[in-house]
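Report on one structure; see the data block that follows.
Residue numbers (my numbering): 4 to 300.
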């Protein structure tokens, strides 16, 4: 049988069952709209969480009498230490200049520079901050911890700040991931059930076709094509509405809100392609799965 026949039958079925077809298309439209908003939000939120997690640091303070040789040795030591991602050296002069700029009056009264040379170490993964601190210290007989190099005065990981950052960002990422999974499952069920209702209104037609000897493929293809057409229509309308919303509302606000203009979010052209492919694919799968019950005559 020629493909043109199945396409013709699909459009004929859509015209004869306008209300169920419109319901299926509306379901796809709403689902794609929600996904089109939700995907960039999840990406922006996750990107912001990752950026905050990137601020987790281990501060390695050197002793006040540390020499240039001590600085070089400690820097080499950090380069060999596990879980070290990035190392930034801040000399006592640089630290003094930074703090004096923030509070000039207080630092004018000091007269001398009380700040030590410091290495700000970023772990390879935020969750490894504790392991990195332990790698740079050793347990004493009294149960405390002391640096593994004599030129190091203290190793601190800003425990309270680190714990808050890791906990908050972990909750955000898990919540966004869970909502994304629930939304995808709900979308598939919604589209599948809507198409199933459309098929239920034509169950007698399917039964008659089976009784006169029509094969499952012959019966299935018009419905699958119908689902593809409805999914494509719903997806196209949703993408157009998202495009209008982007131009009318988001673009004017992008310069004022960093989260909207976040580079981690997906580009609109790629998002449109993903949404169209998803709407067509889910509709086709939903149509095919929904037909199984009605093909058992």
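Glycine is no exception: its CB is placed at the ideal position from the N, C-alpha and C atoms.
Proximity of residue i and residue j at Cβ, strictly below 8 Å
i	j	result
residue 121	residue 88	no
residue 282	residue 230	no
residue 24	residue 233	yes
residue 119	residue 103	no
residue 155	residue 90	no
residue 132	residue 61	yes
residue 84	residue 139	yes
residue 160	residue 136	yes
residue 47	residue 86	no
residue 142	residue 151	no
residue 228	residue 22	no
residue 158	residue 123	no
residue 271	residue 249	yes
In DSSP terms, what residue i is bridged to
i	result
residue 124	61 and 90
residue 148	142
residue 158	63
CB contact below 8 Å: residue i versus chain D
i	result
residue 232	The displayed structure is made up of one protein chain only, and chain D is not part of it.
For residue i, the nearest candidate out of the options (CA to CA)
i	options	result
residue 50	270, 127, 176 and 11	176
residue 116	67, 42 and 105	67
residue 186	45, 10 and 223	45
residue 29	235, 97 and 174	235
residue 149	86, 213, 108 and 63	63
residue 240	32, 7 and 15	32
residue 285	196, 17 and 127	196
residue 179	43, 26, 270 and 21	43
residue 170	17, 59 and 18	59
residue 199	288, 7, 75 and 19	288
residue 223	214, 209, 215 and 269	209
residue 269	40, 14, 7 and 26	40
Nearest-angstrom beta carbon gap, residue j and residue i [assumed within contact, 8 Å]
i	j	result
residue 73	residue 65	7 Å
residue 274	residue 238	Contact flag wrong, Cβ pair sits at about 12 Å.
Query raised in the report: Taking contact to mean at least 3 C-beta pairs separated by less than 8 Å, is the region 29-38 in contact with the region 232-250?
Result: yes
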